[in-house]
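Asks: Those sequence lines, one after another, are chains A and B.
For what it's worth, the numbering used here labels the leading residue of the first sequence as 1, then goes sequentially.
For what it's worth, the numbering used here labels the leading residue of the second sequence as 1, then goes sequentially.
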Amino acid sequence: MLKDMTLGQYYPVDSVIHRLDPRTKLSATMLYIISLFLANHPLAYLCSFLFFALAVGLSRVPFRYIAKGLKPIFVLLALSVFFNLFLTGGEPVLFQWKIIRITGPGLRQAIYMAIRLVFLVMGSALMTYTTTPNALTDGMEKGLRFLKVVHVPVHEIAMMMSIALRFIPILAEEADKIQKAQMARGANFEEGGVIARAKAMIPLLVPLFISAFRRATDLAMAMEARCYHGGEGRTKMYPLKYQRRDAIAYLIVFVYLGIVIAMRILL
Amino acid sequence: MSLECRKLNYIYGAGLPTQVHVLKDIDLTITKGEFVGIIGHTGSGKSTLIQHLNGLLRATSGQVCFDGTDIFSDGYDRRALRGKVGMVFQYPEHQLFEADVFSDVCFGPRNLGLSDEEIKARARWAMELVGLGPEYDNRSPFELSGGQKRRVAIAGVLAMRPDYLILDEPTAGLDPGGRDDILDVLKMLHEEQGISVILVSHSMEDVANYVQRIVVVQDGRIALDGTPREVFRHYRELEEYGLSAPQVTYIAHALRERGLMVDPDVTTVEEARDAILQALRANSQQ
């Protein structure tokens, strides 16, 4: 059903990773992705694996949920492995049959690419599993505040994002209700060709749009009534503050990043 | 002729850490021709329960039977069932979408695959039942008042000519006049058209005044089931469930505590008037 649709995919358990500041998780994820592309040695990838395993272990999110994130990128993964495997030149040639040729560097490149993509996706999945969408926007607002200097309306963008995120479940529930109401009037959303199905959406979409507009005007009115006037001088109920655990997390991330860089230079 | 739940269980989000056991072993039989009120606190599971009655939700275990046939058995035509068991959701005016009132009322019967004359006849019939004349045909449903919109929406369900009509809080958000209009329409549908009405409500007065039988849902189970008099006799339990009895029931109990021997089981204003007069007469004869 529509109601079960989730954006972001927060997995509600309590863990050290869940409690980390969203800014910590955002930057750690960014740094982790960078590290994946810096690494070019099996030992470095072993480090990446250990780092990831530690984070997953601490997060208490079941691994199968994180692995589920790989499903949509399967085609992309297969393609990049394919191209790297067959189109990379160099020596030695391991296998040759007519124009199909697999070389040593090609094989290595394909394996590395696969590892990078898999860990990149699983790493970002872990972040979305452990951070609520609202915490993420909060983190982005505070983390990207420096962009205000170049007149990027950081607060407004963050506010728009959190309102949009806030309304997704509401509108999804509304859509679910309208869908059920029209099904109760005999509407058929499941059968028929493309045109029949598109037509069947009208009784769902018209009321949904009307309701979205109604909610938008109500919300604007309610915000005005509470004297909302933009981000200037606005305080937060739960201001983001770095804790000791964030310092420890940053320390671990930088040690890991240092090891990966050192391996790139030395090995 | 009946609508029956047997050992109905529904678990929302089964398998997730957030799963909720919404309905627990519900056994409920509604016979054709009854006027039933379903009451329960917010989150008690009453809305989930009624959505099983026309197959919008699928039970995790247990059965829903319409005239003895399990509606979730393979090949059962649930769309046809929804024509037999009509459902009016909360704020049904939010589901209107057509450019004019008449077309919107035609939507339900059209989905049943009827002939054009039959569709129009049914729509006309349904609109007349809820008190909307032909002058409303070409008006946009969005320019009507709240009460009128709601009547259009109810007509849209009635036009399918259901044997059972389920309404979720049909009076929510209406002024007292609009509320009585809707409830009187329901009463007339029950008495003159022989439609079984299942009314979900928060208002004990509405329920006491109109229904013959009350089902109290509490924490996913049926806590009480009986006539209004029987159910409201348990007014202390109802309060534990976050519900109450009609105000006149409390007045009757208060009068008894002060020594006037009024029948404490009264549930409507008329009954209370008669009971108090009777008690006063008995007093003056002594």
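No residue lacks a Cβ here, since even glycine has one placed at the ideal position from N, Cα and C.
#1: Taking Cβ to Cβ, would you say Y91 of chain B is nearer than 9 Å to H52 of chain B?
#2: Listed in chain order, which residues of the stretch 129 to 153 of chain A have Cβ atoms closer than 8 Å to some Cβ of chain B?
#3: Looking at the unbroken beta strand (DSSP E) that takes in L199 of chain B, where does it start and where does it end?
#4: Applying a beta-carbon distance threshold of less than 8 Å, which residues of chain A neighbour L112 of chain B?
#5: Comparing alpha-carbon positions, which option in A:P169, A:T137, A:Y11 and A:F74 lies nearest I157 of chain A?
#6: Give, in chain order, every residue of the stretch 231 to 250 of chain A whose Cβ lies closer than 7 Å to some Cβ of chain B.
#7: What is the DSSP secondary structure of V102 of chain A, reduced to helix, strand or coil?
#8: Which bits of chain A does V87 of chain B rub up against, with CB to CB less than 7 Å?
#9: For K177 of chain A, count neighbouring C-beta atoms within 10 Å of its own C-beta (all shown protein chains included) and say buried if the count is 16 or more, exposed if not.
#10: Can you list the residues of chain B that V13 of chain A reaches, using a CB-CB cut of under 9 Å?
#11: Which class does L260 of chain B belong to by DSSP, given the choice of helix, strand or coil?
#12: Using a cut-off of 9 Å between C-beta atoms, extract the partners of F107 of chain B located in chain A.
#13: Any beta-carbon of chain B closer than 9 Å to the one on I210 of chain A?
#14: With DSSP run on the structure shown, which of helix, strand or coil describes S73 of chain B?
#15: Would a check of beta-carbon distances place F66 of chain B closer than 9 Å to chain A?
#16: Starting from the beta carbon of P97 of chain B, find every residue of chain A whose beta carbon is closer than 7 Å, and list them in chain order.
#17: Does DSSP classify K236 of chain A as helix, strand or coil?
#18: Which term fits M237 of chain A, buried or exposed, when burial requires 16 or more other beta carbons within 10 angstroms of its beta carbon?
#19: Go ahead and label K7 of chain B buried or exposed: buried means 16 or more other beta carbons lie within 10 angstroms of its beta carbon, across all protein chains shown.
#20: Considering only DSSP beta bridges, list what F66 of chain B is partnered with.
#21: Could you list the residues in the stretch 162 to 181 of chain A with a C-beta less than 7 Å from some C-beta on chain B, going in chain order?
#22: So what's Q218 of chain B in DSSP terms, helix, strand or just coil?
#23: Quick test of your reading: S44 of chain B and V217 of chain B, contact by CB under 8 Å. State the CB separation rounded to the nearest angstrom.
#24: Output yes if chain A places a C-beta closer than 9 Å to the C-beta of L132 of chain B; else output no.
#25: Name the two residues that bound the continuous beta strand (DSSP E) containing G86 of chain B.
#26: Rounded to the nearest angstrom, what separates L240 of chain A and I50 of chain B at their Cα positions?
#27: Could you tell me the alpha carbon to alpha carbon distance between L107 of chain A and M113 of chain A, rounded to whole angstroms?
#28: Going along chain A in order, which residues have a C-beta closer than 8 Å to the C-beta of G83 of chain B?
#29: I want to verify the contact list: residues of chain A whose CB lies under 8 Å from the CB of P92 of chain B, in sequence order.
#30: What residues in its chain sit with their C-beta under 6 Å from that of E4 of chain B, if we drop five residues either side in the sequence?
#31: Does the beta-carbon of N283 of chain B have 16 or more other beta-carbons within 10 angstroms, so that it is buried, or is it exposed?
#32: Using the C-alpha atoms, what's the distance from A216 of chain A back to F146 of chain A?
#33: Rounded to whole angstroms, what is the Cα-Cα separation between A275 of chain B and S203 of chain B?
#34: Kindly indicate if chain A contains any beta-carbon less than 9 Å away from that of L56 of chain B.
#35: Ignoring anything shorter than 3 residues, give me the beta strand (DSSP E) runs that lie fully in the stretch 130 to 205 of chain B, in order along the chain.
#36: Can you give me the start and stop residues for the alpha helix (DSSP H) that V280 of chain B sits inside?
Replies: Quick answer:
#1: no
#2: none
#3: S196 to V200
#4: G186
#5: A:T137
#6: none
#7: For the sequence presented, residue 102 of chain A should be read as Ile rather than Val. It is a strand residue.
#8: The identity of residue 87 of chain B in the sequence shown is Met, whereas the question assumes Val. The answer, in chain order, is A184.
#9: buried
#10: P17
#11: L260 of chain B falls in the coil class under three-state DSSP.
#12: Q182, R185, G186, A187 and P203
#13: yes
#14: Assigned with DSSP and collapsed to three states, S73 of chain B falls in coil, not helix or strand.
#15: no
#16: Note that residue 97 of chain B is Phe in the sequence shown, not Pro. Near F97 of chain B (Cβ distances below 7 Å), the residues of chain A are I202, P203, V206 and P207.
#17: coil
#18: exposed
#19: exposed
#20: B:L3 and B:T69
#21: K177, I178, K180 and A181
#22: For Q218 of chain B, the secondary structure class from DSSP, reduced to helix, strand or coil, is strand.
#23: For a cut-off of 8 Å, the C-beta gap from S44 of chain B to V217 of chain B is around 5 Å, short enough to register as a contact.
#24: False, the Cβ-Cβ gap to chain A never drops below 9 Å.
#25: V85 to V88
#26: If I take the Cα positions, the gap works out to 44 Å.
#27: 10 Å
#28: G186
#29: A181
#30: T29 and C65
#31: exposed
#32: The alpha-carbon of F146 of chain A is positioned some 30 Å away from that of A216 of chain A.
#33: 22 Å
#34: yes
#35: 164 to 168 and 196 to 200
#36: Reading off the sequence shown, one finds Leu at residue 280 of chain B, where the question assumed Val. Its alpha helix (DSSP H) spans residues V269 to Q285.
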